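A short write-up of the structure that comes next.
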Ligand code: F6R
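In this note's numbering, the protein residues as written are 1067 to 1663.
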């Protein structure tokens, strides 16, 4: 998730663009850059905070410019990969948010035509494609160039040949135009320009816009002008940063259909079934998984997934334990959203010291873990600001499903038709998560029923066991309600002693080989007078005879269903915490990244 902004008007573009970039920093940044036009195109880039860039950009009195904060997805974090990117002649500059799936092929074609590339990014191909299509009309050149792109993009383009106009285009990445008086803005998010105007026009997928100082025009892909209503945004800057949600955590929960789509983008194909995470994995029979907290629960889920789909036996260890007691052989795969958790970094170093091959599943390219590990798989969830992990957990679980499918196909453990079925169910996943998100009010009602309980249990079998642990962790960390997750079969071995009519049990029920046993477990709990809330498949008819309250999730294969199930538990934790008035985005005593061992 990058942040982009463009400005054209009467003010100093340098200052407006830099100020806009600072307002977009919450979208994540590892480097930033700016392009300004003043009798030619000027380009500045720096690694790190916007402040570093600000110190480097001289006072140029320009009235048109574009800027970018980068959250890397292709190519390392360095100056040459920072945006804006330019064409061969340095006359066209572009900033981009998204992923171009076919950039390798396009780059090869453009190189054959003589284009010279200076970065490792997918974005640079767009600059050269526009150059290739440019014959004096920048909008037409962008229109023709984007027809060749596969993937997601919000782009903003300027050229010194037409110094009064900014071109924007979008597909599956946000882009919004800010309408001012004798000035206009374009950005990935409203906070970038909200100080100057609250009048906006939202761009839709497949549209191109031409933004001048006094005029804004929007076109479809064939160049036909489309009309767009102007909207007034009533948000404060702080509300706008949260996309109108009261907390980052809720915003991030609702971002999951999109983040899951990004995790899969360009990595799966259905017709001739393939899954490719792009790190050239070969046959693997055994893996040691290391992680902390929520990422540890994702690793536990990963064990169920890898063992069943790909026949890989997995040993899951807490990073803090692995370091002193772990099995230091074979391949070690670390899971860490931040890539900076001290215990996980120590575990990775320890594994390397003993000659293990190391892989990391992380959300942050360029993080310490990516520098230690031999191979990196990015979850592509975009930056997560709320302390409680949400979208990073579900994209980690999805990454494990992709990994298992890739290896299962390679090892011929999966037939083509099985692989195809899995891939088809993954394609339904973003929609299934959306369906669950639409149950917000129903889950809020449940939260009202549970908010005064002192202790809440979560149970599940198979992959639903780590999901139950994660549900309990979410609830305890943000609402401070005591919560425990258990493998459903384990209650009778001790925890039953804690059950009373004041201890609600949230039972995650799948329509698989565990179904009957789960119903039995629920019966045992009911016999001890504890209320049972079932999280159950939409097609589960029997559950109504057992549970006191049911939240349904869309029917999907069990591993895939674990993701919408998790979203239900995230929303439940969120609403309980909100009703209790907790500081949801920054729970007491917790930090987003735990950099001490
Ligand atoms: C809980 C949470 C933590 C992290 C843990 C590991 O919501 O976020 O439990 O999962 O601190 O962090 P990463 O994944 O960055 O290594």
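Built from N, CA and C at the ideal position, the CB exists for glycine as well. If you're wondering where the values come from, they're calculated on a predicted model, not measured in any experiment.
With a Cβ-Cβ cutoff of 7 Å, do residue i and residue j count as a contact?
i: residue 1572; j: residue 1599; result: yes
i: residue 1424; j: residue 1409; result: no
i: residue 1132; j: residue 1191; result: no
i: residue 1353; j: residue 1382; result: no
i: residue 1532; j: residue 1363; result: yes
i: residue 1529; j: residue 1625; result: yes
i: residue 1566; j: residue 1464; result: no
i: residue 1318; j: residue 1450; result: yes
i: residue 1676; j: residue 1371; result: No answer is possible for residue 1676: the residues shown for the chain start at 1067 and end at 1663.
i: residue 1266; j: residue 1242; result: yes
i: residue 1452; j: residue 1314; result: yes
i: residue 1622; j: residue 1491; result: yes
When you measure from the CB of residue i to every non-hydrogen atom of the ligand F6R, does any distance come out below 6 Å?
i: residue 1064; result: Because the chain is modelled from 1067 through 1663, residue 1064 falls outside the range shown and cannot be assessed.
i: residue 1131; result: no
i: residue 1445; result: no
i: residue 1361; result: yes
i: residue 1143; result: no
i: residue 1209; result: no
i: residue 1364; result: no
i: residue 1410; result: yes
i: residue 1455; result: yes
i: residue 1152; result: no
i: residue 1430; result: no
i: residue 1358; result: yes
i: residue 1407; result: yes
i: residue 1083; result: no
i: residue 1502; result: no
i: residue 1660; result: yes
Of the residues the options, which one's Cα is nearest the Cα of residue i?
i: residue 1295; options: 1283, 1287, 1226; result: 1283
i: residue 1297; options: 1263, 1418, 1074, 1377; result: 1263
i: residue 1614; options: 1570, 1633, 1624, 1644; result: 1570
i: residue 1070; options: 1105, 1115, 1136; result: 1136
i: residue 1219; options: 1606, 1116, 1201, 1189; result: 1189
i: residue 1553; options: 1563, 1537, 1566, 1526; result: 1526
i: residue 1402; options: 1379, 1445, 1376; result: 1445
i: residue 1098; options: 1092, 1113, 1086, 1085; result: 1113
i: residue 1504; options: 1577, 1428, 1316; result: 1316
i: residue 1156; options: 1550, 1108, 1138, 1122; result: 1108
i: residue 1306; options: 1616, 1090, 1471, 1633; result: 1090
i: residue 1159; options: 1151, 1165, 1342; result: 1151
i: residue 1165; options: 1454, 1447, 1650; result: 1447
i: residue 1257; options: 1200, 1082, 1400; result: 1082
i: residue 1384; options: 1398, 1357, 1393; result: 1357
i: residue 1630; options: 1227, 1477, 1660, 1320; result: 1320
i: residue 1387; options: 1377, 1514, 1411, 1379; result: 1411
i: residue 1229; options: 1138, 1202, 1507, 1339; result: 1202
i: residue 1561; options: 1587, 1580, 1583, 1579; result: 1587
i: residue 1653; options: 1096, 1539, 1556; result: 1539
Compute the Euclidean distance between the alpha carbons of residue i and residue j, then round it to the nearest angstrom.
i: residue 1522; j: residue 1648; result: 17 Å
i: residue 1111; j: residue 1144; result: 9 Å
i: residue 1212; j: residue 1174; result: 17 Å
i: residue 1641; j: residue 1502; result: 15 Å
i: residue 1279; j: residue 1246; result: 9 Å
i: residue 1360; j: residue 1162; result: 31 Å
i: residue 1224; j: residue 1187; result: 19 Å
i: residue 1232; j: residue 1609; result: 57 Å
i: residue 1605; j: residue 1620; result: 8 Å
i: residue 1577; j: residue 1611; result: 15 Å
i: residue 1068; j: residue 1593; result: 53 Å
i: residue 1415; j: residue 1395; result: 13 Å
i: residue 1431; j: residue 1443; result: 9 Å
i: residue 1406; j: residue 1366; result: 20 Å
i: residue 1185; j: residue 1428; result: 23 Å
i: residue 1236; j: residue 1126; result: 29 Å
i: residue 1120; j: residue 1079; result: 13 Å
i: residue 1536; j: residue 1281; result: 51 Å
i: residue 1088; j: residue 1455; result: 24 Å
i: residue 1417; j: residue 1582; result: 41 Å
i: residue 1274; j: residue 1285; result: 5 Å
I'd like to know whether the C-beta of residue i is nearer than 7 Å to at least one C-beta of chain B.
i: residue 1612; result: Among the chains in the structure shown there is no chain B, since it carries only a single protein chain.
For residue i, is the beta carbon positioned less than 6 Å from some heavy atom of the ligand ADP?
i: residue 1403; result: This structure lacks the ligand ADP; its bound ligands are the ligand F6R.
Which runs of the beta strand (DSSP E) at least 3 residues long sit entirely within the region 1474 to 1538? Give them in chain order. 1521 to 1526
Entirely within the region 1356 to 1411 and at least 3 residues each: give me those beta strand (DSSP E) ranges in chain order. 1379 to 1384, 1397 to 1402
Ordered list of alpha helix (DSSP H) runs contained in the region 1110 to 1164, each at least 4 residues: 1116 to 1122
What runs of the alpha helix (DSSP H), each 4 residues or longer, lie entirely inside the region 1559 to 1615? 1581 to 1593
Which ranges does the alpha helix (DSSP H) cover as unbroken runs of at least 4 residues, wholly within the region 1412 to 1465, from first to last along the chain? 1434 to 1438
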